[in-house]
Amino acid sequence: MPIWVDLDHPLRTAQYHPGAKWLRDHGHDPEMVKAVHIPDAGRLISLIKSKTSRP
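Structure below.
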């Protein structure tokens, strides 16, 4: 399964895009169809670090 990673995209949470029509209709790249999209890589890394850091 393809994974798209953006540094800064209007969508905020990771998601799966099952249909190209929805992507096109909402102004997103239809090439992301049937792919996981991580719209904010920095936010994801921060979240992972906060969940895995130990005191």
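Quick note: the sequence shown uses the numbering used here, first residue 91, plus one each step.
The C-beta atom is built at its ideal place from N, Cα and C for all residues, glycine as well.
Owing to the predicted nature of the structure, the values given are computational and were not obtained by experimental measurement.
Inter-residue Cα distance where the pair is residue i and residue j
i, j, result
"residue 146", "residue 131", "Residue 146 is absent from the model: the chain starts at 91 and stops at 145."
"residue 113", "residue 127", "12 Å"
"residue 136", "residue 104", "14 Å"
"residue 109", "residue 118", "11 Å"
"residue 111", "residue 125", "14 Å"
Buried or exposed by the 16-neighbour rule on C-beta atoms within 10 Å, applied to residue i
i, result
"residue 91", "exposed"
"residue 116", "exposed"
Residue j beta carbon less than 8 Å from that of residue i
i, j, result
"residue 123", "residue 107", "yes"
"residue 101", "residue 129", "yes"
Whole runs of the alpha helix (DSSP H) within the segment 99-141, excluding any shorter than 4 residues | Segments of the alpha helix (DSSP H) lying fully in the segment 99-141: 110-115.
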